[in-house]
Each structure stands twice: as structure tokens, then as C-alpha cells.
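Residue numbers (my numbering), protein chains in the order written: chain A, 8 to 116; chain R, 8 to 116; chain F, 8 to 116. Just so you know, even glycine gets a beta-carbon here, dropped at the ideal spot from N, CA and C. Working notes for the structure below.
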Ligand code: NI
Ligand code: NI
Ligand code: NI
């Protein structure tokens, strides 16, 4: 038995929880902020059998991996009046930090 | 030294914290949601000496174990008018998921 | 790799997060209450290389260690009228509980 502790962006949390459930993996979400990733993240606790570790990591990677997104910036004001940017910019979103710990004992009480 | 991480229903959390304290075990509660149990659960962190592990598990079992409760359903409306159920139904409440981890080092700083 | 899980008073949490960052250590904060310390505490998750454990503990100690503070109590009302205490009293603040766990595997996915 392993305990997987993974910190992901809030925006990816609901999709990750669903994807894990679809593969029979139940997780608990803790409200968390700052640090490993940008502000607004969620920490998942996930207890899995040893042979499920690679599957869990694959699901986390699929849903949460760092990826680029093209964003068209909002117009903003300069001293000369509104500035209309016409070039979308590339931003990085997602990312997951994963700690895998050995569980000495697991019980349903 | 062991770290016990246990996820229980919100309704059982205050009673569990008190029962642990009465046995000299101090715990920290983390707000958590979903997954191992129904929505609305609490994750406890509990650092104990090796010889206290069985006592801690017994307390968690006493307070939080899955148990049945007879509930009389609230009346509800059908197209034919209010329906008054006269049979109480059995529901399952409680339950605790417990992970016990080895602590390499413990300190009060 | 080690996972440091430390529980500190809310009042010390922002300063601790900054001090860790200044030394290149990124942490995640979980909202937590009660137990190891007085009400209103914060649990930090901190993944560090083995050689960074002592540095992390030193930073936690510097920022969060138990210390005394002289407080002048607020005036309060008695049946005889307002009571003006003229002696400041010494209170203990701070304190950190630290668990260090071995990490079997660490990944950025
Ligand atoms: Ni990839
Ligand atoms: Ni029993
Ligand atoms: Ni000192």
C-alpha cells in the first residue's frame, strides 16, 4: 500500500478526481494554497495498492501535466487610451507535484 | 513514532478529537472533501508513539466505525399530494479510513 | 527526498513561507485547526532533498520557536467599574511540531 500525495492546480482538481474514480481510485481533497505551484491549488490524498501506483501517476499526468495555452490578453488602458493587443500570448498551466510514501498499515475501521 | 492519518465523517470529528484528547493524544484537523468517504469529511493528523498505535485505532473504531441508524424519512410531495412514509429506513453512517506511516524524525522546534 | 510536515501557528505562517522561499524551499499550506498547538494553526507540506533537512529545521526554528511576549492586558469591567491593569503579563506564543517522513518517489508530472 502506498499513499500518494499530489498537489495540483484548482482548475484541474475536479477532472482529476473524476478520472481517478473512473479507474476505481478514491481520493480525498485538502484545501491548500501557494508554494509548489501557483496560488490556488488542491492537495489530493490517494491510497493505492503497490501495483496501482503507475496507473495513478499516468492519470495524474494525463489530467494535470504542464501544458501551454494561447491566451488573447484583455485590452488595457495606457496614457494614450485603450491598447488593443492583437497577438495571443502563450501561458503555461497545470503541473502536478507528486510524493509517494510507503504505508505501514492501512485499515478501514 | 508513527503518523496516523485518518479520514472520518465531519459528524464524528469533534467527538473523535475529544476522545483522543481524553487519552492524551493530540491531533490536528484538516478540512477535506470527497472521496474515501461521503462528502463532508475531516482528515486527522495524529503523531503517536509506536506503543500507542493500537490504542489510537481502538478509539477511532469506537467513535467512527460504520454503523446503522434508523431514520424516519421526511414526508415528500408526489403528484397525488403529500406522501407520509410510515416505515423508518436503515442508513449507514460513520466509517474511518486509516493510514499509518513511519516517522523518521519528530521534533518540537 | 524527505517530506516535512510541520504545524505552526497561523500568525507565523506567512513569515515561515517567505523564509523558506528565500532559501529556495517551496511549501504548500493546508488549512488546519486545533490539537498539536492552540486553535488557528497551519500545516505546511515541504518536500526537500536529504541534505536540506537541517536547513529547513533551522528556518522553522528561527521563525516559529516558542517564545515569550509581554502583553499589557486590556482593561476590563468589574462590578466596581473599569479595572486598569498596570502590569504587563508574559504569554507564550509560537511553537512548531515537525514530522519528517521518507519519500519513496518524487515526481513532477
Ligand atoms: Ni508526458
Ligand atoms: Ni468492531
Ligand atoms: Ni534554539
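query: Within 8 Å, strictly: CB atoms of residue 113 of chain A and residue 105 of chain R; result: yes
query: Exposure of residue 36 of chain F, with buried meaning 16 or more beta-carbon neighbours within 10 Å; result: buried
query: Pick from A/80, A/76, A/96 and A/70 that is closest to residue 28 of chain A, judged by C-alpha positions; result: A/70
query: Residue 48 of chain F, buried or exposed, once every other Cβ within 10 Å from all chains shown has been counted against 16; result: buried
query: Rounded C-alpha distance that separates residue 109 of chain F from residue 9 of chain F; result: 5 Å
query: Neighbour-count burial assignment, residue 64 of chain A, 16 or more Cβ in a 10 Å radius; result: buried
query: C-beta atoms of residue 116 of chain F and residue 74 of chain A nearer than 8 Å; result: no
query: Chain-ordered chain A contacts of residue 64 of chain R [CB-CB under 8 Å]; result: 114 and 116
query: CB contact below 8 Å: residue 117 of chain A versus chain F; result: Outside the displayed span of chain A (8 to 116) sits residue 117 of chain A, for which this structure offers no information.
query: Opening and closing residue of the alpha helix (DSSP H) in which residue 62 of chain A lies; result: 60–71
query: Cα-Cα separation between residue 119 of chain A and residue 11 of chain A, rounded to whole angstroms; result: Nothing can be reported for residue 119 of chain A: it is not among the residues displayed for chain A, which extend from 8 to 116.
query: C-beta atoms of residue 101 of chain R and residue 16 of chain R nearer than 8 Å; result: yes
query: Inter-residue Cα distance where the pair is residue 22 of chain A and residue 96 of chain F; result: 52 Å
query: Chain-order list of residues whose beta-carbon lies under 7 Å from that of residue 42 of chain F (same chain, five-residue window excluded); result: The predicted model places residue 42 of chain F with a pLDDT of 49, which falls under 50 and marks its position as unreliable; any figure quoted below should be read in that light. Result list for residue 42 of chain F: empty, nothing under 7 Å.
query: Per-residue burial, residue 98 of chain R [other beta carbons within 10 Å of its own, 16 or more giving buried]; result: exposed
query: Endpoints, the alpha helix (DSSP H) within which residue 29 of chain A is located; result: 20–29
query: is_contact[residue 72 of chain A, chain F] using C-beta, thresh 8 Å; result: yes
query: Short Cβ contact (8 Å threshold) for residue 34 of chain A with residue 14 of chain A; result: no
query: Distance CB(residue 32 of chain R)-CB(residue 55 of chain R) smaller than 8 Å; result: yes
query: Within chain A, partners of residue 106 of chain R - CB distance below 7 Å; result: 10, 54, 110 and 113
query: Residue environment, residue 81 of chain R, which counts as buried when at least 16 other CB atoms sit within 10 Å; result: exposed
query: Residue-level contact to chain A via CB, residue 38 of chain F, 8 Å cutoff; result: yes
query: Proximal chain R residues relative to residue 14 of chain F, where beta-carbon distance stays under 8 Å; result: 35 and 52
query: Between the CA atoms of residue 30 of chain R and residue 45 of chain A - distance to the nearest angstrom; result: For residue 45 of chain A, the predicted model reports a pLDDT of 48, less than 50, meaning its position is unreliable; a value from the coordinates is still stated below. Cα to Cα, the separation comes out at about 40 Å.
query: Terminal residues of the beta strand (DSSP E) in which residue 109 of chain A lies; result: 103–109
query: Neighbouring residues, chain R, relative to residue 26 of chain F (Cβ below 7 Å); result: Within chain R, no residue comes near residue 26 of chain F; the closest Cβ sits about 13 Å away, beyond 7 Å.
query: Given residue 66 of chain A as reference, the closest of A/86, A/53, A/111 and A/94 once Cα atoms are compared; result: A/53
query: Closer than 7 Å: residue 25 of chain A CB and nearest ligand 5 heavy atom; result: What this structure holds is ligand 1, ligand 2 and ligand 3, not ligand 5.
query: Under 9 Å by beta carbon: chain R residues contacting residue 103 of chain F; result: 114, 115 and 116
query: Nonlocal neighbours in the same chain, by C-beta distance under 6 Å from residue 26 of chain R, ignoring five residues either side; result: 66 and 70
query: Residue environment, residue 19 of chain A, which counts as buried when at least 16 other CB atoms sit within 10 Å; result: buried
query: Residues of its chain near residue 79 of chain A, where Cβ-Cβ distance is below 6 Å and the 5 sequence neighbours each way are ignored; result: 95
query: Residue 10 of chain R - DSSP class collapsed to helix/strand/coil; result: strand
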